[in-house]
Amino acid sequence: MTVRFKLRPKDDTFFDYFTRAAQNLVKGTELLSELAVPGADVQSVSERLGDIEHDSDQITHELYNKINTSFITPFDREDIYRLGSQLDDVMDHLEATGNLVYLYGLTKMPALPREMLELIDVLDRQARVTAQAMPKLKTMKDLKEYWIECNRLENEGDRAYRMLLVRLFSGEYDALTVLKMKEVADELELATDAFEHVANTVETIAVKES
Amino acid sequence: MTVRFKLRPKDDTFFDYFTRAAQNLVKGTELLSELAVPGADVQSVSERLGDIEHDSDQITHELYNKINTSFITPFDREDIYRLGSQLDDVMDHLEATGNLVYLYGLTKMPALPREMLELIDVLDRQARVTAQAMPKLKTMKDLKEYWIECNRLENEGDRAYRMLLVRLFSGEYDALTVLKMKEVADELELATDAFEHVANTVETIAVKES
Amino acid sequence: MTVRFKLRPKDDTFFDYFTRAAQNLVKGTELLSELAVPGADVQSVSERLGDIEHDSDQITHELYNKINTSFITPFDREDIYRLGSQLDDVMDHLEATGNLVYLYGLTKMPALPREMLELIDVLDRQARVTAQAMPKLKTMKDLKEYWIECNRLENEGDRAYRMLLVRLFSGEYDALTVLKMKEVADELELATDAFEHVANTVETIAVKES
Numbered sequence: 001m002t003v004r005f006k007l008r009p010k011d012d013t014f015f016d017y018f019t020r021a022a023q024n025l026v027k028g029t030e031l032l033s034e035l036a037v038p039g040a041d042v043q044s045v046s047e048r049l050g051d052i053e054h055d056s057d058q059i060t061h062e063l064y065n066k067i068n069t070s071f072i073t074p075f076d077r078e079d080i081y082r083l084g085s086q087l088d089d090v091m092d093h094l095e096a097t098g099n100l101v102y103l104y105g106l107t108k109m110p111a112l113p114r115e116m117l118e119l120i121d122v123l124d125r126q127a128r129v130t131a132q133a134m135p136k137l138k139t140m141k142d143l144k145e146y147w148i149e150c151n152r153l154e155n156e157g158d159r160a161y162r163m164l165l166v167r168l169f170s171g172e173y174d175a176l177t178v179l180k181m182k183e184v185a186d187e188l189e190l191a192t193d194a195f196e197h198v199a200n201t202v203e204t205i206a207v208k209e210s
Numbered sequence: 001m002t003v004r005f006k007l008r009p010k011d012d013t014f015f016d017y018f019t020r021a022a023q024n025l026v027k028g029t030e031l032l033s034e035l036a037v038p039g040a041d042v043q044s045v046s047e048r049l050g051d052i053e054h055d056s057d058q059i060t061h062e063l064y065n066k067i068n069t070s071f072i073t074p075f076d077r078e079d080i081y082r083l084g085s086q087l088d089d090v091m092d093h094l095e096a097t098g099n100l101v102y103l104y105g106l107t108k109m110p111a112l113p114r115e116m117l118e119l120i121d122v123l124d125r126q127a128r129v130t131a132q133a134m135p136k137l138k139t140m141k142d143l144k145e146y147w148i149e150c151n152r153l154e155n156e157g158d159r160a161y162r163m164l165l166v167r168l169f170s171g172e173y174d175a176l177t178v179l180k181m182k183e184v185a186d187e188l189e190l191a192t193d194a195f196e197h198v199a200n201t202v203e204t205i206a207v208k209e210s
Numbered sequence: 001m002t003v004r005f006k007l008r009p010k011d012d013t014f015f016d017y018f019t020r021a022a023q024n025l026v027k028g029t030e031l032l033s034e035l036a037v038p039g040a041d042v043q044s045v046s047e048r049l050g051d052i053e054h055d056s057d058q059i060t061h062e063l064y065n066k067i068n069t070s071f072i073t074p075f076d077r078e079d080i081y082r083l084g085s086q087l088d089d090v091m092d093h094l095e096a097t098g099n100l101v102y103l104y105g106l107t108k109m110p111a112l113p114r115e116m117l118e119l120i121d122v123l124d125r126q127a128r129v130t131a132q133a134m135p136k137l138k139t140m141k142d143l144k145e146y147w148i149e150c151n152r153l154e155n156e157g158d159r160a161y162r163m164l165l166v167r168l169f170s171g172e173y174d175a176l177t178v179l180k181m182k183e184v185a186d187e188l189e190l191a192t193d194a195f196e197h198v199a200n201t202v203e204t205i206a207v208k209e210s
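Residue numbers (full-length UniProt numbering), protein chains in the order written: chain R, 1 to 210; chain D, 1 to 210; chain P, 1 to 210.
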């Protein structure tokens with residue numbers, strides 16, 4: 001017979017994993033921001049994104065091991081699992097973005113469209129509020145403003161994404177360039193969504209624990 | 001120690017939220033149906049969709065507050081949360097559709113493709129069966145025909161979507177128009193999926209409660 | 001009052017459903033592999049994929065009935081439900097792939113791009129490891145290597161998908177052919193993702209049961 005106890009441990013390891021994962025996402029969005037600089041070394045950005053994606057995989061792996069070997073966890077195992085997995089998802093989209101810009105040779109163009117840089121800026125801000133929020137999971141205090149801000153940023157990203165597509169489909173670029181930039185735009189938009197999923201999971205956990 | 005009681009309250013507020021949210025979706029699909037009329041005022045349709053999306057956000061917000069302040073709920077908190085969030089997702093796709101048709105200026109064409117109007121019709125029927133089903137959550141009776149019909153409609157929408165793409169890629173339109181209509185088609189298809197997700201959650205709740 | 005017992009039945013029916021569903025997916029990827037042969041009868045492949053998708057729907061339907069009529073289940077109802085639904089999702093993407101290749105008349109081309117055939121090969125290997133893993137759910141032993149391999153294959157598929165897009169956007173094909181092949185590529189990529197979702201659910205179940 002299993003009965004659910006609300007006994008919670010003092011072990012901080014789980015919060016450290018989430019914080020490290022989120023700090024790694026800040027590194028990721030900082031690398032993407034380098035793409036905004038004309039003449040950026042896109043191959044180098046893409047490779048360094050690959051490196052920190054590898055770091056994220058390592059953190060996620062350690063987190064899963066910790067879940068599997070812990071008798072008690074600070075909140076439901078499934079939620080810890082989901083949160084770790086969703087933080088990892090964000091990194092996958094950041095890495096994919098850099099890789100596509102590189103593979104498609106998009107930086108041979110004079111500059112990336114302004115709306116694309118706006119999307120990268122939104123991601124950078126989402127990464128920062130997420131990294132600030134993760135340590136607060138320990139006390140479950142002051143998290144509400146985080147998920148509200150993260151969702152607000154997602155809406156801002158959504159608008160930038162729509163206007164980016166309007167520009168891409170305006171006739172300014174040839175069809176193949178449109179298709180390439182559309183792929184990059186889609187990854188950026190998935191990354192803003194992925195940050196929102198993290199925020200939604202934090203909200204769900206907070207609702208359960210309150 | 002938490003033990004799960006199957007004590008259920010008489011409070012009808014939750015069912016009212018779901019019903020209002022679904023009725024709002026009917027307003028949304030009615031607005032999209034206006035796009036089928038040649039010479040439709042697309043800007044006005046898009047703006048009115050923006051207004052009712054705002055109403056949906058408000059309903060979802062009230063629902064979440066109600067979850068957080070209720071001691072007992074008619075079924076699992078997480079399922080109430082998910083159902084509210086999924087009803088809201090449908091609205092996001094309806095609003096996005098109207099907005100894209102407007103932003104891309106697609107109505108300068110003689111008429112939207114027939115398969116696109118079929119998709120809008122499928123959405124309208126999904127909205128109506130959903131709005132009829134929501135009040136039945138109170139008794140959990142006669143819901144099965146709803147989720148079967150909603151899934152059947154999603155299949156119908158899927159076929160219309162595939163045939164729409166065949167038409168878009170047939171050479172009838174220039175590449176940029178194809179890309180714009182493809183975006184609109186994708187939103188419509190996501191909306192039919194989103195209605196199916198609502199139906200799947202209702203089925204999951206019914207399975208648990210039975 | 002409901003209290004969760006860890007009493008587990010000897011009934012093997014559930015594992016049979018999962019095994020049959022996964023074996024059906026092997027049939028599906030074998031059919032897709034026929035597309036690699038120049039001069040393949042694409043209409044016939046598409047129709048046979050439609051038939052086995054119908055078989056999958058039938059298996060899923062029987063599984064859901066079994067869940068609803070069973071007093072005890074080998075693991076959480078929701079997880080059984082999710083696993084059944086995710087196996088069904090894979091089939092939907094396999095069927096869609098065959099149908100799109102047929103509807104778009106893509107086989108009038110000399111051959112499908114090499115990277116597309118690589119993606120189909122990845123799917124075939126994912127189907128085989130999944131079919132081998134399903135009977136092991138009964139003992140929950142030796143499943144870890146399955147989900148690791150299935151995730152590794154998804155990564156391999158991801159790389160093939162990216163390189164496929166690089167080829168599609170290289171200028172080798174006209175814009176409409178690019179758009180058609182992109183749709184097929186997306187379905188294949190969704191299918192590799194869907195196999196990964198199955199593996200993730202198996203992992204989640206194993207973590208809970210351990």
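Built from N, CA and C at the ideal position, the CB exists for glycine as well.
{"Item": "Determine the closest residue to T130(R) out of D193(R), T19(R), F14(R), K182(R), with distance taken between C-alpha atoms.", "Value": "T19(R)"}
{"Item": "Select from the region 53-84 of chain P all residues with a C-beta closer than 9 Å to any C-beta belonging to chain D, and list them in chain order.", "Value": "Y64, I67, N68, R77, E78, Y81"}
{"Item": "Tell me, please, whether the CB atom of residue 215(D) is closer than 9 Å to any CB atom in chain P?", "Value": "Beyond the ends of chain D as shown, which are 1 and 210, falls residue 215(D); an answer cannot be given."}
{"Item": "Identify the contact partners of S210(P) in chain R, using a Cβ-Cβ distance below 8 Å as the criterion.", "Value": "N68"}
{"Item": "Mind checking if F169(D) is an interface residue toward chain P, Cβ cutoff 9 Å exclusive?", "Value": "yes"}
{"Item": "Closest by CA to R128(R), which one among A40(R), N155(R), D142(R), E149(R)?", "Value": "E149(R)"}
{"Item": "Just reading off the alpha helix (DSSP H) that K141(R) is part of, what are its end residues?", "Value": "No alpha helix (DSSP H) contains K141(R), which DSSP labels as neither H nor E."}
{"Item": "Does DSSP put D47(R) in a helix, in a strand, or in coil?", "Value": "It should be pointed out that residue 47(R) corresponds to Glu in this sequence rather than to Asp. Helix, per DSSP."}
{"Item": "Which residues in the same chain as T29(P) place their Cβ atom closer than 6 Å to its Cβ, once the five residues preceding and following it in sequence are excluded?", "Value": "L123, D124, A127"}
{"Item": "Closest Cβ-Cβ distance between V202(D) and chain R: below 9 Å?", "Value": "no"}
{"Item": "If you drop the 5 nearest sequence neighbours on each side, which residues of the same chain put their C-beta closer than 8 Å to that of V3(R)?", "Value": "The pLDDT assigned to V3(R) is 48, lower than 50, so where the model puts this residue is not dependable; a value taken from the coordinates is nonetheless given after this. No residues qualify anywhere along the chain."}
{"Item": "Which residues, taken in chain order from the region 109-128 of chain P, show a beta carbon closer than 7 Å to some beta carbon of chain R?", "Value": "none"}
{"Item": "Would you please state the rounded distance, in angstroms, between the beta carbons of V45(D) and L31(D)? I believe it to be under 8 Å.", "Value": "5 Å"}
{"Item": "With a threshold of 16 other CB atoms inside 10 Å of the CB of I72(P), please say whether the residue is buried or exposed.", "Value": "exposed"}
{"Item": "If you measure from the CB of E78(P), is any heavy atom of the ligand ADP nearer than 8 Å?", "Value": "Inclusion of the ligand ADP in the displayed structure is not the case, the ligand content being empty and no account of it being possible."}
{"Item": "For D79(P), which residues of its own chain have a beta-carbon under 8 Å away from its beta-carbon, when the five flanking residues on both sides are left out?", "Value": "T201, T204, I205, K208"}
{"Item": "Along chain R, in chain order, which residues have C-beta atoms closer than 7 Å to that of A175(D)?", "Value": "A175"}
{"Item": "Using a Cβ-Cβ cutoff of less than 6 Å, which residues in the same chain neighbour D193(D) once the five nearest sequence positions on both sides are dropped?", "Value": "none"}
{"Item": "Using a Cβ-Cβ cut-off of less than 9 Å, give me the residues of the region 145-163 of chain D that come near chain P, in sequence order.", "Value": "D158, R162, M163"}
{"Item": "Tell me where the alpha helix (DSSP H) around E95(D) begins and ends.", "Value": "77-103"}
{"Item": "Within 10 angstroms of the Cβ of M109(D), are there 16 or more other Cβ atoms? Answer buried if so, exposed if not.", "Value": "exposed"}
{"Item": "Starting from S33(R), trace the alpha helix (DSSP H) in both directions and tell me its first and last residue.", "Value": "13-34"}
{"Item": "Would the beta-carbon of E196(P) fall within 9 Å of that of E154(P)?", "Value": "yes"}
{"Item": "Would you mind sorting R114(R) into buried or exposed? The rule is 16 or more other CB atoms within 10 Å of its CB.", "Value": "exposed"}
{"Item": "For a test of the three-state rule: what should DSSP assign to G157(R), helix, strand or coil?", "Value": "helix"}
{"Item": "I'd like to know whether the C-beta atoms of A175(D) and A175(P) end up nearer to each other than 9 Å.", "Value": "yes"}
{"Item": "Pick helix, strand or coil for D121(P), following the three-state DSSP scheme.", "Value": "helix"}
{"Item": "Apart from the five residues just before and just after L83(R), which ones in its own chain have a Cβ nearer than 8 Å to its Cβ?", "Value": "F18, V198, T201, V202, I205"}
{"Item": "If you check the beta carbons only, do L35(D) and V90(D) fall under 9 Å apart?", "Value": "no"}
{"Item": "Given this structure, state the Cα-to-Cα distance separating V166(D) from K144(P), to the nearest angstrom.", "Value": "42 Å"}
{"Item": "Listing by chain order, which chain D residues have their CB less than 9 Å from the CB of V178(R)?", "Value": "A175, L176, L179"}
{"Item": "What is the C-beta distance between F15(P) and K138(P), in whole angstroms, given that I count them as a contact (C-beta under 8 Å)?", "Value": "5 Å"}
{"Item": "Give me the residue from F75(R), D92(R), S33(R), R159(R) with the minimum Cα distance to T60(R).", "Value": "D92(R)"}
{"Item": "Nearest to D11(D) by CA position, among E189(D), E53(D), L117(D), K66(D), is which residue?", "Value": "K66(D)"}
{"Item": "Using three-state DSSP, classify A206(R) as helix, strand or coil.", "Value": "helix"}
{"Item": "Decide if D57(R) is buried, meaning its Cβ has at least 16 other Cβ atoms within 10 Å, or exposed.", "Value": "exposed"}
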